[in-house]
Amino acid sequence: AQSVAQPEDQVNVAEGNPLTVKCTYSVSGNPYLFWYVQYPNRGLQFLLKYITGDNLVKGSYGFEAEFNKSQTSFHLKKPSALVSDSALYFCAVRQYSSASKIIFGSGTRLSIRP
Amino acid sequence: DTEVTQTPKHLVMGMTNKKSLKCEQHMGHRAMYWYKQKAKKPPELMFVYSYEKLSINESVPSRFSPECPNSSLLNLHLHALQPEDSALYLCASSQDPDRVMYEQYFGPGTRLTVT
């Protein structure tokens, strides 16, 4: 069975510092990995995805993620955090055996202090 | 147009009421989804429509009844709900239900309160 883990419930970073939100996955075949962000009282917004190819994926709002097959990780990163990045972040995985489904991690609340 | 719209934004209903949630997308997407989300939790999949046919029902109670009148519209009919059904209900769509590389586009959600 496929699964996604986000080991940190909350990450606190000072504005201007780099940020990392961690995600590890478990699938039996090739993983298709996604990051979504959710602002308060809003739906989820797609940030970026890894399908195949380059292990460093660039996405919206200056975010990027690094796919590491040996460590089964897909950490979300940004070189310089903004206060407006404060939100709830979800890592997710899809697999061909259940194409219609997407499995979400538990979410990480990112808080950027001025 | 890369938007999924949902109406209403907020809904308060009694346990004996009947109401409906509406979702619309004009991106030509052929997969549409209903999710339920409790505070600070990930969305939980309820239903999936593939090419306007119900393809997945995640053992959702019959007091929730989905409907897909056409490829752009998705409804969720509510009847005899319980207070524990209070949550944010999210609609989403994706380009092709059979291809995993496509991301899902989410609407802003309907905040449902059952009294």
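Protein sequence lines correspond, in order, to chains A and B.
Using the working numbering, the letters of the first sequence correspond one by one to residues 1 to 114.
Using the working numbering, the letters of the second sequence correspond one by one to residues 1001 to 1115.
C-beta: ideal position from N, C-alpha, C; glycine also.
contact_flag[the stretch 26-40 of chain A, the stretch 63-79 of chain A] where n(CB pairs < 8 Å) is 3 or more: yes
Nearest-angstrom beta carbon gap, T24(A) and A5(A) [assumed within contact, 8 Å]: 5 Å
For P1083(B), which three-state DSSP category applies? helix
Quick check on the DSSP output: what are the complete beta strand (DSSP E) runs of length 3 or more inside the stretch 43-105 of chain A, in order along the chain? 44-50, 56-58, 64-68, 73-78 and 87-94
Nearest residue (CA-CA) to L1073(B), options N1057(B), Y1035(B) and Q1025(B): Q1025(B)
At a CB-CB cut-off below 8 Å, which residues of chain A make contact with L1073(B)? Simply none; closest approach about 17 Å.
Chain-ordered neighbours of Q1104(B) on chain A, where CB pairs are closer than 9 Å: F34, Y36, L44, F46, A92 and I102
By Cβ distance below 6 Å, which residues in the same chain neighbour A1080(B) in space, the five residues on each side in sequence not counted? R1063
Is S70(A) close to the ligand NAP? I mean its beta-carbon at under 6 Å from any heavy atom of the ligand. Looking for the ligand NAP in the displayed structure turns up nothing, as the structure carries no ligands at all.
Taking only three categories from DSSP, how would you classify P31(A)? Here DSSP, grouped into helix, strand and coil, assigns P31(A) to coil.
What are the partner residues of R113(A), as DSSP defines its beta bridges? A14(A)
Decide if P18(A) is buried, meaning its Cβ has at least 16 other Cβ atoms within 10 Å, or exposed. exposed
Name, please, each residue of chain B whose Cβ falls closer than 9 Å to the Cβ of Q71(A). For the C-beta of Q71(A), not a single chain B residue is nearer than 9 Å; the gap to the nearest is close to 22 Å.
From C91(A) to T1115(B), what does the alpha carbon distance come to, in whole angstroms? 33 Å
Among R1099(B), P1083(B), P1061(B) and Q1095(B), the one whose alpha carbon lies nearest that of M1027(B): Q1095(B)
Please compile the residues from chain A whose C-beta is within a distance smaller than 7 Å of the C-beta of V1048(B). S100
Kindly indicate the opening and closing residues of the beta strand (DSSP E) around N1057(B). K1053 to N1057
Quick one: residues in its chain with C-beta nearer than 6 Å to the C-beta of F104(A), no 5 flanking neighbours on either side, listed in chain order? F90 and A92
Using DSSP bridges, identify the partner residues of Q1006(B). C1023(B)
I'd like to check one pair, S1071(B) with S100(A): are the Cβ atoms closer than 7 Å? no
Using beta-carbon positions only, say whether N12(A) and S80(A) come within less than 7 Å of one another. no
Proximity winner among I102(A), L88(A), G107(A) and R113(A), relative to N41(A) (alpha-carbon distances): L88(A)
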